[in-house]
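Colleague:
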Amino acid sequence: MTASTPALPVLNLATLIAVAFKKTMPAAADGASFESRYELAAVDATSIDRYAEHLGFIHGALPVTWYYLPVQRAHLATLLAQPVSFRLAGIIHTENEIVEHARPQLGRPLLLATQVRVEPPTASGAIYCTLRTDGEQDGTPVFTCTSRYLVKRGQRSGAHAPREPIALDGPELANWELTPASGRRYAAVSSDWNPIHLSGWTARLMGLPAPIIHGMHSVGKACAELERASGQRVTRIAARFLALVPLGVHASLHADLDSGTWTIAANGRCAVAGTFGSRVVPAH
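FYI, full-length UniProt numbering numbers position 276 of the sequence shown as 276, with every residue one higher than the one before it.
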């Protein structure tokens, strides 16, 4: 790490305002890319403990999904600092994967290097953006987080066939209730105060009929329950977000521990599908 690396910006009200009013620029060429580097002042044990307790991890755990908290800050800071051809307030998180390479030292700084690639339009005109963030500490790779976002919707086709429903993986391992306050409670832990997660009126302000839970809340909850069921620490978890999960419903986790696949059902359909893995990673 160097003294010239800027500090990782926090997520706060000013960030939300900046995202809401970020101006779009003329479209970049297909495959356009840019990158950033930020430094998290310290891997904070208090933040990790609050996150782990909220989602049901065992005491003293370092959840692999916790890395997304600083990663999200790096993503927003990177996109706010660059001219982009899409509205940041309207992007949709569609996929995410986090892989841990080594356990970091608590209380020490963490460097986050992010690469952004705007993908060429699909046949329908939809545009996706992929962000890869590599976290390292004193030159040692700690984790890689890859996120994919839909940044521009494509044109609907009248001949579009209905999507085949995705089957749930294995037996039910756990279930939980999402109360009207679940979004606000997770926001207090993650600092993700996106209005679509907070209340009915804030969600409607953003064009949704009702508030929804954070996608990474679902992934974090699944990770905690997978660790509990398998008796092993999860060091890689991937997810595809297939449907919105509104507040006020029950969600259930289904998994095949042998094949390393999992799904979350809510509102009578598969809302999230993913894979996971466990291995012993060295301590940095």
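We treat Cβ as the ideally placed atom computed from N, Cα and C, and that holds for glycine.
(1) Quick check for students: name the residue ranges of the alpha helix (DSSP H) that lie wholly in the stretch 56-124, counting only runs of 4 or more.
(2) In the DSSP assignment, find the unbroken beta strand (DSSP E) run with W262 in it and report its ends.
(3) According to the neighbour-count rule (16 or more other Cβ atoms, all chains shown, within 10 Å of its Cβ), is H250 buried or exposed?
(4) For residue 336, count neighbouring C-beta atoms within 10 Å of its own C-beta (all shown protein chains included) and say buried if the count is 16 or more, exposed if not.
(5) Tell me whether H214 sits in a helix, a strand or coil according to DSSP, three-state version.
(6) Any chance the stretch 172-180 sits against the stretch 133-152, with 3 or more Cβ pairs inside 8 angstroms?
(7) Under a three-way DSSP split, which group does W176 fall into?
(8) Could you tell me how far apart the beta carbons of P141 and H101 are, in whole angstroms, since I believe they sit closer than 8 angstroms?
(9) Given this structure, state the Cα-to-Cα distance separating A42 from D134, to the nearest angstrom.
(10) To which residues of the same chain is R132 closer than 6 angstroms at the C-beta, ignoring the five residues directly before and after it?
(11) Go to L16, then tell me how far its beta strand (DSSP E) extends in each direction, as first and last residue.
(12) I need the straight-line Cα distance from G183 to A14, nearest angstrom please.
(13) Mark L168 as exposed unless 16 or more other C-beta atoms lie within 10 angstroms of its C-beta, in which case mark it buried.
(14) Reducing DSSP to helix, strand and coil, say where T46 ends up.
(15) Could you check what DSSP says for T235 in three-state terms: helix, strand or coil?
(16) Could you have a look at V10 and say whether DSSP puts it in helix, strand or coil?
(17) How about G56 and K221: do their beta carbons lie closer than 8 angstroms?
(18) Between which two residues does the beta strand (DSSP E) containing R132 stretch?
Modeller: If we stick to the structure as given:
(1) Secondary structure remark: continuous alpha helix (DSSP H) runs of at least 4 residues inside the stretch 56-124, in chain order: 68-81.
(2) 261-266
(3) exposed
(4) Nothing can be reported for residue 336: it is not among the residues displayed for the chain, which extend from 1 to 284.
(5) Assigned with DSSP and collapsed to three states, H214 falls in coil, not helix or strand.
(6) no
(7) strand
(8) 4 angstroms
(9) 16 angstroms
(10) Q115, T146
(11) Careful: L16 lies outside any beta strand (DSSP E), inside the alpha helix (DSSP H) at 13-20.
(12) 20 angstroms
(13) Here L168 is buried, its C-beta having at least 16 other C-beta atoms within 10 Å.
(14) helix
(15) coil
(16) coil
(17) For G56 and K221, yes; Cβs fall inside 8 angstroms.
(18) 127-137
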